[in-house]
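For reference, the structure is listed below as structure tokens.
In the numbering used here, the protein residues as written are 15 to 566.
Below, the structure is given as structure tokens:
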């Protein structure tokens with residue numbers, strides 16, 4: 015039968031995807047895959063090392079496709095560059111260039127996905143049933159799939175929860191941090207500031223976050239629960255979300271990018287953009303792991319605890335937040351104390367869950383006020399068609415809204431030391447209405463006046479200045495279309511010809527993965543990679559910039 019499926023191998027964080035067209039049921043294709051894993055433990059160890067050695071050689075073979083050389087940039091910028099296929103497409107029948115995000119999932123077209131994780135030694139089926147790779151019972155491993163509710167009653171070796179590394183090295187480390195927590199003067203943090211008035215940059219961040227969450231835009235979310243907090247993919251995605259919450263992005267024109275931004279299967283893993291001042295801008299796609307000869311892959315810090323926009327970020331597993339909360343908090347607090355700070359805020363972040371802590375030191379007493387476990391999102395996009403106002407989005411993504419509040423308050427605090435300038439705000443506003451996107455983002459950090467002006471507009475590369483007006487209550491009369499976002503109305507003003515427009519879309523035009531965006535802008539930030547077309551909506555593109563790296 016023509017039941018399609020994928021066999022995926024994960025090695026050193028990358029997903030190697032192989033397509034199978036016929037009989038992908040567990041009884042057929044799945045059984046053949048399982049039969050290839052030795053039952054004897056000694057034979058298994060030899061097999062595991064052989065597999066790792068084999069994929070290490072393949073990584074070396076593919077490194078020339080991950081390394082962005084001047085020659086590859088020149089080819090991509092040439093007229094035939096977009097039409098020229100990459101040589102990697104013919105290597106061992108890859109579906110896509112192996113990346114750190116698992117962009118393959120069981121869908122209406124792909125019914126079965128079998129993953130062999132050589133890193134964590136886990137075998138999974140459809141990202142729902144998990145086995146230790148060395149302990150797959152040959153007689154009963156199929157039984158969980160005999161019913162829709164996936165029972166493990168006949169196969170106790172199977173797990174319905176991902177098998178990921180523990181957050182703490184051992185019980186002794188966890189107990190040590192629990193003791194530290196008990197020495198703090200700790201209290202509960204129930205309330206957060208009422209927040210800030212939403213401006214265009216923050217609303218766009220909410221839009222992008224919603225599109226990033228939508229399951230039709232990426233299969234990545236099926237794999238997120240399986241990532242350890244030290245994994246490259248975990249660190250990159252966490253940093254991208256935090257960058258959005260901190261409004262660290264700017265706009266890029268998609269049409270000016272060289273590369274296949276519409277079709278991931280033909281993507282080289284990076285884009286190239288011509289820049290009048292800097293020459294050529296190289297923009298690797300988030301998660302692809304592409305890099306220049308003098309840079310490392312990715313945009314996120316290599317550490318799992320670091321300061322970002324003045325706030326201490328501690329990456330943790332969801333399990334640690336839920337079941338080892340106090341020890342996880344103490345571990346982050348100790349890092350902050352070792353840096354010499356007497357007062358600081360912490361975000362313990364696991365992509366979908368978070369804890370906020372506020373630390374202060376007075377004499378020999380360390381006071382820690384912290385929240386409970388907060389959902390970054392409640393797991394879905396805001397109601398669609400859109401409803402009035404931003405409140406629905408904040409209710410849907412409460413943790414993300416708190417992140418936006420915290421980063422904005424920290425930014426305002428940092429800017430208090432700077433002068434308001436010698437000219438009236440109107441003069442600065444007129445000047446800033448003509449700056450390019452990168453300059454506008456930099457000006458947000460110059461002074462309170464500059465930030466206030468820049469936060470009320472978002473500039474595009476083509477001289478369009480975006481203004482935003484929230485929705486107040488229901489409209490007087492029904493419409494045959496809905497607004498671009500559920501939060502209000504964007505107005506795009508062309509500074510060259512002084513005209514304005516308010517875009518809207520018909521219900522039938524809601525963007526999908528096949529939507530043509532030939533005339534749409536792309537979003538980017540100061541630090542990061544480009545999101546692939548499947549990773550964020552085709553409506554807008556996000557670009558995180560550190561060493562001029564992009565997200566589509």
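Every residue gets a Cβ at the ideal spot worked out from N, C-alpha and C, and that includes glycine.
Residue 453 lies in the beta strand (DSSP E); which residues open and close that run?
Careful: residue 453 lies outside any beta strand (DSSP E), inside the alpha helix (DSSP H) at 451 to 457.
Helix, strand or coil: which one does DSSP assign to residue 68?
In the three-state reduction of the DSSP assignment, residue 68 falls in the helix class, which pools H, G and I.
Element boundaries [beta strand (DSSP E), containing residue 361]:
357 to 363 is the span of the beta strand (DSSP E), which, as asked, contains residue 361.
Decide if residue 307 is buried, meaning its Cβ has at least 16 other Cβ atoms within 10 Å, or exposed.
Result: exposed.
Let's test the definition: count the other Cβ atoms within 10 Å of the Cβ of residue 418 and tell me whether it reaches 16, buried, or not, exposed.
The residue is buried, with at least 16 neighbouring Cβ atoms inside 10 Å.
Euclidean distance between Cα positions of residue 414 and residue 431:
The alpha-carbon atoms of residue 414 and residue 431 are separated by roughly 28 Å.
Go to residue 200, then tell me how far its beta strand (DSSP E) extends in each direction, as first and last residue.
Unbroken beta strand (DSSP E) run through residue 200: 199 to 202.
Spatial neighbours of residue 39 in its chain, beta-carbon cut-off 7 Å, leaving aside the 5 residues before and after
Taken in chain order, the residues that qualify are 17 and 126.
Less than 8 Å between C-beta atoms, sequence neighbours within five positions excluded: which residues of the same chain meet that for residue 22?
In the same chain as residue 22, and ignoring 5 residues on each side of it, the C-beta atoms closer than 8 Å to its own belong to 29, 30, 31, 32, 116, 118, 127, 128, 129 and 130, in chain order.
For residue 239 and chain B, any beta-carbon pair shorter than 8 Å?
No chain B is present in this structure, which holds just one protein chain.
I think residue 360 touches residue 316, with their Cβ atoms under 8 Å apart; what is that distance to the nearest whole Å?
19 Å between Cβ atoms; not a contact.
What are the boundary residues of the beta strand (DSSP E) that includes residue 24?
Going by DSSP, residue 24 is part of the beta strand (DSSP E) stretching over 19 to 25.
Is residue 33 helix, strand or coil by DSSP?
The answer is strand: DSSP assigns residue 33 an E or B state.
Would you identify the three-state DSSP class for residue 44, choosing helix, strand or coil?
In the structure shown, residue 44 sits in a helix (DSSP, three-state: H, G or I).
Considering only DSSP beta bridges, list what residue 412 is partnered with.
BP columns for residue 412 are empty, so no partner.
Count the other CB atoms, across all protein chains shown, that sit within 10 Å of the CB of residue 83; report buried if there are 16 or more and exposed otherwise.
Its Cβ having fewer than 16 others within 10 Å, residue 83 is exposed.
Rounded to a whole number of angstroms, what is the C-alpha to C-alpha distance between residue 337 and residue 182?
About 12 Å.
State the beta-bridge partners of residue 372 as determined by DSSP.
BP columns for residue 372 point to 359 and 383.
On the criterion of 16 or more Cβ atoms from any shown chain inside 10 Å, does residue 438 qualify as buried, or is it exposed?
If you draw a 10 Å sphere on the C-beta of residue 438, you find fewer than 16 other C-beta atoms in it, and that means exposed.
Within 8 Å, strictly: CB atoms of residue 152 and residue 60
For residue 152 and residue 60, no; Cβs fall outside 8 Å.
So what's residue 82 in DSSP terms, helix, strand or just coil?
If DSSP states are grouped into helix, strand and coil, residue 82 belongs with coil.
Under 8 Å, do residue 428 and residue 324 count as touching if we go by C-beta distance?
Yes, they are a contact pair.
Would residue 365 and residue 255 qualify as a contact pair, given that the criterion is a beta-carbon distance under 8 Å?
It is a contact, given that the beta carbons lie within the stated cut-off.
Following the continuous beta strand (DSSP E) through residue 137, name the residue where it begins and the one where it ends.
From DSSP, the beta strand (DSSP E) with residue 137 extends over 136 to 139.
By Cβ distance, which residues of its chain are closer than 7 Å to residue 385, with the 5 residues on each side in sequence left out?
Excluding sequence neighbours, residue 385 sits near 203, 369 and 370.
Output the boundary residues of the beta strand (DSSP E) element that contains residue 144.
Counting along the chain, the beta strand (DSSP E) containing residue 144 begins and ends at 143 to 146.
Reducing DSSP to helix, strand and coil, say where residue 157 ends up.
Note: residue 157 maps to helix in three-state DSSP.
Buried or exposed: which applies to residue 170, given that a residue is buried once 16 or more other Cβ atoms fall within 10 Å of its Cβ?
Residue 170 is exposed by the Cβ-count criterion.
Under 7 Å from any heavy atom of the ligand FAD, does the C-beta of residue 128 make it?
The ligand FAD is absent from the structure shown, which contains no ligand whatsoever.
Does the separation of the CB atoms of residue 114 and residue 247 fall below 8 Å?
Result yes, Cβ atoms of residue 114 and residue 247 sit closer than 8 Å.
Coarse secondary structure for residue 522, derived from DSSP in three states
Unreliable positioning characterises residue 522 in this predicted model, as indicated by a pLDDT of 37, which lies under 50. The coordinate reading is nonetheless provided below. In the structure shown, residue 522 sits in a helix (DSSP, three-state: H, G or I).
Tell me the rounded alpha-carbon separation between residue 13 and residue 77.
Examination of residue 13 is not possible in this model, given that the chain is present from 15 through 566 alone.
Residue range of the alpha helix (DSSP H) that includes residue 256
Boundaries of the alpha helix (DSSP H) around residue 256: 246 to 259.
Less than 8 Å between the beta carbons of residue 335 and residue 387, yes or no?
Taking 8 Å as the Cβ cut-off, residue 335 and residue 387 qualify as a contacting pair.
Taking all protein chains shown into account, do 16 or more other C-beta atoms lie within 10 angstroms of the C-beta of residue 442, making it buried, or fewer, making it exposed?
Burial state of residue 442 is buried, judged by a 10 Å Cβ sphere holding 16 or more other Cβ atoms.
Among 67, 249, 467 and 356, whose alpha-carbon lies nearest the alpha-carbon of residue 379?
Nearest option by C-alpha distance: 356.
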